[in-house]
Amino acid sequence: MVSYISALVMASAEAFTALKIAGALFLIWLGIKTWREARVPAPAEVQTTALAVHCPKGILVNPKTAAFFLAFIPQFVDTSVNVALQFVVLGTISVALNTGVDLIVTRWAAKARDRLAGRPTGLYIGTSDPVMGEQRCTEQEG
6 MVSYISALVM ASAEAFTALK IAGALFLIWL GIKTWREARV PAPAEVQTTA
56 LAVHCPKGIL VNPKTAAFFL AFIPQFVDTS VNVALQFVVL GTISVALNTG
106 VDLIVTRWAA KARDRLAGRP TGLYIGTSDP VMGEQRCTEQ EG
């Protein structure tokens, strides 16, 4: 499913533009939602959800990841041996490295959150998301 969406987006400038505009509108919506909730007190207890719930959503919603792999990995693949195995190995290495970086950034973000607790950051985030969304809508290709 993701590869079909990625192929469509890579082949069609209109589909890419539509995907970009949809992403920008999503950022604008997130900013407005965050701004409205900025004055609502945070819950005393954080509710966690399973990784299996969110991971498939991230893969299905972000076809740019599949497009990246389809554009980047082939240059490192030797066609004289098992191509599928090489894709799996290179993809696994990439995912492992990205996961390691994400874990480090998450740890730093948690430390920053603890230090910034009680400061009114919701209004800033609620303003920055719509601005980024507007920039995505108006940026020129090139």
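So for the sequence shown, my numbering puts the first residue at 6; every next one is plus one.
In this text, a Cβ means the ideal position worked out from N, Cα and C, and glycines have one as well.
All of these numbers come straight from a predicted model, not from anything done at the bench.
Unbroken alpha helix (DSSP H) run spanning residue i, endpoints
{"i": "T22", "result": "A18 to E42"}
Contact set for residue i: own chain, Cβ-Cβ below 6 Å, skip 5 residues either direction
{"i": "S99", "result": "none"}
Cβ distance (whole Å) where residue i is taken to contact residue j below 8 Å
{"i": "F81", "j": "L95", "result": "6 Å"}
Beta-carbon proximity list for residue i, same chain, < 7 Å, skipping 5 on both sides
{"i": "F92", "result": "I78 and V82"}
{"i": "S85", "result": "none"}
is_contact[residue i, chain D] using C-beta, thresh 8 Å
{"i": "D83", "result": "No chain D appears in the structure shown, which is made up of a single protein chain."}
Own chain, CB closer than 8 Å to residue i, minus 5 neighbours either side, in chain order
{"i": "L90", "result": "none"}
{"i": "V88", "result": "V82"}
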